[in-house]
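Numbering (mature numbering (1 follows the signal peptide of the UniProt record, and there is no 0)), first residue to last: -31 to -1, 1 to 123.
Cβ atoms here follow ideal geometry from the backbone N, Cα and C, with glycine treated the same way.
On a predicted model such as this, the values are computed, not experimentally measured, just so you know.
Down below is the structure, laid out as structure tokens.
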Amino acid sequence: MHLNPARMSPMKLVFAALVAAVMFISVNASAFFAAHDSPVGSWKTIDDETGETKSVVKIYEVEGKIYGRVDRLLLKPGALCDQCEGEDHNKPIEGMVVMWGLSADDGEWSGGKIFDPQKNKTYRCKIWLEEGGKKLKVRGYLGPFFRTQTWIRQ
């Protein structure tokens, strides 16, 4: 259906403009809120022991699973994974996938793993959002023990 504004009454023009504005706002608002209900995006990692901002991790989704890749090292740009074994030994940490296989479960994502290249250790992982999606809690488990970091959305 093609609308010709020259043939529309002023009331129909106002109504059409109002409908268009409401549709625009609702689409953009739903995209905004959906983005903050998901960990997908870029995050500054904060070391739980030193409080330093260490890197930027890009979290993304593939076939319903959450993954995380180191996009940028802030303290040691260009560092190689000298602690890694096998094919990752002495490979750049930037670009490395360090989180994989997490599935959504009632406001949390779990069932996957997280890798610490500095310690060459892989942990079971659970993540969840806080403060309206501005902070991401990242918990790594080794047996009954765990550590939790707070990452900040960029």
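8 angstroms contact criterion, which residue i and residue j should meet: CB distance rounded
i	j	result
residue 81	residue 70	3 angstroms
residue 66	residue 83	Actually they do not touch by this definition, with Cβ atoms about 10 angstroms apart.
residue 37	residue 27	7 angstroms
residue 21	residue 42	With a Cβ gap of about 12 angstroms, residue 21 and residue 42 do not count as contacting.
residue 11	residue 40	7 angstroms
Contact under 9 angstroms by Cβ, residue i with residue j
i	j	result
residue 94	residue 72	no
residue 86	residue 53	yes
residue 25	residue 14	yes
Contact set for residue i: own chain, Cβ-Cβ below 8 angstroms, skip 5 residues either direction
i	result
residue 104	98, 119, 120, 121, 122
residue 49	59, 60, 61, 62
residue 46	63
residue 55	none
residue 17	116, 117, 118, 119
residue 29	9, 35, 36, 37, 38
residue 1	For residue 1, the pLDDT reaches just 41, beneath the cut-off of 50, and the residue's location in the model is therefore unreliable, although a value from the coordinates is still provided. Around residue 1: no qualifying Cβ.
Endpoints, the beta strand (DSSP E) within which residue i is located
i	result
residue 37	34 to 42
residue 82	77 to 85
residue 65	From DSSP, residue 65 is part of no beta strand (DSSP E); its letter is neither H nor E.
Per DSSP, the bridge partner or partners of residue i
i	result
residue 102	Bridge partners of residue 102: none, in fact.
residue 118	107
residue 61	49
Residues near residue i by beta carbon distance below 6 angstroms, same chain, minus five either side
i	result
residue 113	none
residue 92	83, 109, 110, 111
Proximal residues to residue i (C-beta, below 7 angstroms), its chain only, five neighbours per side dropped
i	result
residue 89	52, 53, 54
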